[in-house]
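Below you'll find the structure, written out as structure tokens, and then a few comments.
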Amino acid sequence: MRIVLGILILLSFLGALDDWWRSPVLLVLPVLGVVCFVLASRIAAQDRKIRELEKLLRAQFREQKAAADSSPMGAAAHAGATTASAPSGSGRQFAAPTDDESVFGWNEGADPGENFTFSAQEETSPAAPSQAVREAKPAAPDWLATAWSQALAWLTGGNPVVKVGLVVLFFGVSFLLKYASDHSLLPVELRMAGAGMLGVVLLALGWRLRHGNPVYALLVQGGGVGVLYLTIFAAARFLDMIPPLWALILMCAVVVFSGILAVLQNASALAVFGAAGGFLAPILLSTGQGSHVQLFGYYALLNLGVLGVAWYRTWRVLNLLGFACTFGIGALWGARFYAPEYFSTTEPFLILFFLMYGTVSILFARANSEQGRTRLDSALVFGLPLAAFGLQMALVRDMEMGGAFSCLGLALWYILPLKLMWKRSGGLGLLAEAHLALGVIFLSLAVPMALNASWTASTWALEGAGMIWLGLRQKRLVTRIFGLLLQVGAAVAFAASLSLWSLHLNEGHLLAGLFLGLGGFFSSWSYWACPEARLSREEQLPLALGLWGAAWWYGTWFFWAGEQVRPDPIFLAATLGTLGVWTVMHRRTLWFMPRHLAQFTVVLLLCSAVLWSGHPAADWGWIGWPLAVLAQFGMLFALEERWDARVRGWVHTLSAILVAVLALREAHRQVLIHVVQSGSWADAAAAVTGVLLLIVIVFPRLDWPLRRHFAAYLRAGGALAAFLLLWWIGACFVSGNPRPLPYVPILNPLDLTQALVLVTLAVWARKAVTHDVITDRRVERILPAVFALWAFVWMNVVVARTVHFLGDVPYAMESMFRSDVLQAAYSVLWSLAALGAMLLGRVRALRQSWLAGAGLLAVVVGKLFLIDLDGRGTVARIVSFLGVGLLMLVVGYFCPLPPKGEKS
Numbered sequence: 011m012r013i014v015l016g017i018l019i020l021l022s023f024l025g026a027l028d029d030w031w032r033s034p035v036l037l038v039l040p041v042l043g044v045v046c047f048v049l050a051s052r053i054a055a056q057d058r059k060i061r062e063l064e065k066l067l068r069a070q071f072r073e074q075k076a077a078a079d080s081s082p083m084g085a086a087a088h089a090g091a092t093t094a095s096a097p098s099g100s101g102r103q104f105a106a107p108t109d110d111e112s113v114f115g116w117n118e119g120a121d122p123g124e125n126f127t128f129s130a131q132e133e134t135s136p137a138a139p140s141q142a143v144r145e146a147k148p149a150a151p152d153w154l155a156t157a158w159s160q161a162l163a164w165l166t167g168g169n170p171v172v173k174v175g176l177v178v179l180f181f182g183v184s185f186l187l188k189y190a191s192d193h194s195l196l197p198v199e200l201r202m203a204g205a206g207m208l209g210v211v212l213l214a215l216g217w218r219l220r221h222g223n224p225v226y227a228l229l230v231q232g233g234g235v236g237v238l239y240l241t242i243f244a245a246a247r248f249l250d251m252i253p254p255l256w257a258l259i260l261m262c263a264v265v266v267f268s269g270i271l272a273v274l275q276n277a278s279a280l281a282v283f284g285a286a287g288g289f290l291a292p293i294l295l296s297t298g299q300g301s302h303v304q305l306f307g308y309y310a311l312l313n314l315g316v317l318g319v320a321w322y323r324t325w326r327v328l329n330l331l332g333f334a335c336t337f338g339i340g341a342l343w344g345a346r347f348y349a350p351e352y353f354s355t356t357e358p359f360l361i362l363f364f365l366m367y368g369t370v371s372i373l374f375a376r377a378n379s380e381q382g383r384t385r386l387d388s389a390l391v392f393g394l395p396l397a398a399f400g401l402q403m404a405l406v407r408d409m410e411m412g413g414a415f416s417c418l419g420l421a422l423w424y425i426l427p428l429k430l431m432w433k434r435s436g437g438l439g440l441l442a443e444a445h446l447a448l449g450v451i452f453l454s455l456a457v458p459m460a461l462n463a464s465w466t467a468s469t470w471a472l473e474g475a476g477m478i479w480l481g482l483r484q485k486r487l488v489t490r491i492f493g494l495l496l497q498v499g500a501a502v503a504f505a506a507s508l509s510l511w512s513l514h515l516n517e518g519h520l521l522a523g524l525f526l527g528l529g530g531f532f533s534s535w536s537y538w539a540c541p542e543a544r545l546s547r548e549e550q551l552p553l554a555l556g557l558w559g560a561a562w563w564y565g566t567w568f569f570w571a572g573e574q575v576r577p578d579p580i581f582l583a584a585t586l587g588t589l590g591v592w593t594v595m596h597r598r599t600l601w602f603m604p605r606h607l608a609q610f611t612v613v614l615l616l617c618s619a620v621l622w623s624g625h626p627a628a629d630w631g632w633i634g635w636p637l638a639v640l641a642q643f644g645m646l647f648a649l650e651e652r653w654d655a656r657v658r659g660w661v662h663t664l665s666a667i668l669v670a671v672l673a674l675r676e677a678h679r680q681v682l683i684h685v686v687q688s689g690s691w692a693d694a695a696a697a698v699t700g701v702l703l704l705i706v707i708v709f710p711r712l713d714w715p716l717r718r719h720f721a722a723y724l725r726a727g728g729a730l731a732a733f734l735l736l737w738w739i740g741a742c743f744v745s746g747n748p749r750p751l752p753y754v755p756i757l758n759p760l761d762l763t764q765a766l767v768l769v770t771l772a773v774w775a776r777k778a779v780t781h782d783v784i785t786d787r788r789v790e791r792i793l794p795a796v797f798a799l800w801a802f803v804w805m806n807v808v809v810a811r812t813v814h815f816l817g818d819v820p821y822a823m824e825s826m827f828r829s830d831v832l833q834a835a836y837s838v839l840w841s842l843a844a845l846g847a848m849l850l851g852r853v854r855a856l857r858q859s860w861l862a863g864a865g866l867l868a869v870v871v872g873k874l875f876l877i878d879l880d881g882r883g884t885v886a887r888i889v890s891f892l893g894v895g896l897l898m899l900v901v902g903y904f905c906p907l908p909p910k911g912e913k914s
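Just so you know, the sequence shown maps onto residues 11 to 914 in the numbering used here.
Shown next as structure tokens:
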């Protein structure tokens, strides 16, 4: 406020010297501004006090109502208290407003809570309002009210007579100089010399009176400084008595002299007043033709004085004034006059000013630390890099890598002195944390300005992990949040480097994705290792960050390997290396993520085997995949006792499925390439391999892992059995040419393999029911009928293939249906099957088996008259009817219907 009043006085003095400023508007504007400022402040203060008053009244009303409702005589007591409160004084009263109070009963500048009075009876009464209402604090005053109160305190505090006298003296001197100039009473040199002498006399008088009346002395010295400023300004700007450069030198001398006086007397106001005049001098003396080097050189001298004062005094207002004027005026000059050719003469001054005020902030923190206070000039600590970086980016915007080197320089300035700051406690320790945050921010900004998106993602991922670790060590939530944001930013940078419609990954993407994964793993470990530093809402972050890292690590390997010609060896090597690391880490540490990720490895190997390994033994796969299987089972053996039984069982199951997939694919490929290029032989080889694996599972010989985890491997056998069943169904629609061998019914690769598959599936199903892998008892009851039906289907397929190869009938549905030979063969076969079912029912007393055979026989009879009868005059029709008739006679004699009382 003192600076504002000084500026208003200066403008008024100028108005008396120059014709343009002679307009009465110049004197009206400051007065109008002060009046508006006062009115706005009072209105804001009154609104705030009214809101606080209403809040207190509502609280009092709610409390009284609650007290009245809770008592047995609540209504009567409340009514009585309302009518008797005024005369008895037992209730809360408003003090009557006096002449010095507003109509609302508030004293200006007083605490709103002090305008309520309480009687002694109320203070001791049990029904007195709670302390929460009495101690209700008013809202924080707004800045208008604060500024008005400070201005009023300055005007009325200390020695107001002297302050008003100085203002009048300024006007008197200005009027005297103007009158002497208009009437030519004195030479202009003598007038200026007299004004200067007046300033020197005021300074000398103030210095002499500094011990007896220090307040009066400081005011007089301030007046002297102001008179000297105005004299130099008038002589240079309006009278052309001295060149502008010499005027700046003289004003700089006044600033230095006033600063010395302020430090010696510990008077911050005098230093601020002198510095304000010094910083405004170039603006007032400017003609638009001066050199920017002179301007910034002058400001460098002034800032050197501010730095000198900061070495002895912690005057925050002076520091902020110098910072605002230097960078504000510098920005205004740059916006109007800067050109790229001025870079070499402008950049050094920007660096110099940044270093000066960076040192000022350090001196401020050091001085407070020595006094036992933890205090920072936050406006300077965080405002300086923002202002300097903005101006620097404007200077280097046309330079390649200019922004990156600028950010790197700022980061080094903030990071290099950290070791010295950490050794100091208090203010410097807090300043070190602020410098660390700023250094990391500028270091992070340097990366995208210098490198591409992939390298930016890599750097930010590792930097974010480091920030999380540091935040946990220092127990600072803001640092951890910044680290998490950096990792998210790394993911965004990675996504930005990809094509919109393609996931094509190059080596840069591979490195960035892996660094993102490593950052997630390290962050997860850091959170797990520092449980005491975590907040309750961060309890799930170790698992979440571990999954984040796993997704990036394995996903990057997966997609990048998919871009290669032979993806499975690359992905296999990466997965095996990772599996080894997880196994070692899990055995040596208690971190939970290696256990989960080791369990997940078998899923990745299985995906690779299914998606890519058409020929697993190709391209060194004959070494890679056996090593992968050995490593997987070695990991299972090494971590046997550390896993949950259920999880361990499922990992064994998936591991067995992995072995089965690799074995089936390799057997099919080896037969097709090296034995015979026939699909039936290759398919049979794959099925036989599956049968052998299923037999190994059902009849285990190894104690570990087969016998010890028999149920788990039976589950894996279920997956293998499902595959074999699907293969068996598909094989029924294939003719199964056994070339180069001739076709012999049943004694050919496809027929024999299908029979072998059925027998093996029946054995596995029985074991699965016995060991509760299949728990549904209804399935157990229908299994014999199901396998009998499959055996019947297999016999029909064998007959169809025989007719196809021996009777030259195409192996197609329509051709087979029209073949009389096949229809006759089916009639005889179905009759034999019916005979067998009915014989079994008779011998085993299985009524349902006999009924099934009888039903099949009825179907045969219907088929004879509906289908076979079309072949009149053919041998096939004769064979059909004769064969079926004879078989029915045999059935009737040997297989009568079992009685109902026998078991079924």
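Beta carbons: idealized from backbone N, C-alpha and C, even for Gly. This structure is a prediction, so every number in the text was calculated from the model and none was measured.
Is DSSP giving residue i helix, strand or coil here?
i    : result
E380 : helix
M409 : coil
A277 : coil
M251 : coil
W321 : helix
S745 : coil
A5   : No answer is possible for residue 5: the residues shown for the chain start at 11 and end at 914.
E573 : coil
Y753 : coil
E542 : helix
I667 : helix
H678 : helix
F709 : coil
What does a CB cutoff of less than 6 angstroms around residue i pick up in its chain, not counting 5 residues either side in sequence?
i    : result
R652 : none
G499 : W470
M366 : N313, L317
In chain order, what residues of the same chain have a beta carbon less than 7 angstroms from the beta carbon of residue i, not counting five sequence neighbours either side?
i    : result
V612 : Q642, V661, L664, S665, L668
T324 : F374, A377, N378
A862 : A847
Whose CA, out of the options, lies closest to the CA of residue i?
i    : options                : result
A554 : S536, L521, T566       : S536
I792 : A203, A772, V783       : A772
A696 : V708, L682, F709, L290 : L682
P253 : A286, R605, P292, A729 : P292
F532 : S546, F353, W563       : W563
P395 : C617, R675, S371       : S371
A245 : Q858, G204, F283       : G204
L422 : A571, A404, F452       : F452
W635 : L646, I580, M603, R656 : I580
I259 : G288, W691, V813       : G288
E410 : E380, L420, T369, L461 : L461
A673 : R656, D693, T566, D654 : D693
Got a sec? Which residues, its chain only, sit under 8 angstroms from residue i by beta carbon, not counting five neighbours each side?
i    : result
H781 : F720, A721, L724
A638 : L582, T585, L586, L615
Locate the alpha helix (DSSP H) running through residue i, then write down its first and last residues.
i    : result
H606 : 603–621
L430 : 428–432
T770 : 759–780
A345 : 326–347
Within 10 angstroms of the Cβ of residue i, are there 16 or more other Cβ atoms? Answer buried if so, exposed if not.
i    : result
N276 : exposed
H684 : exposed
A506 : exposed
P626 : buried
Y836 : buried
W632 : exposed
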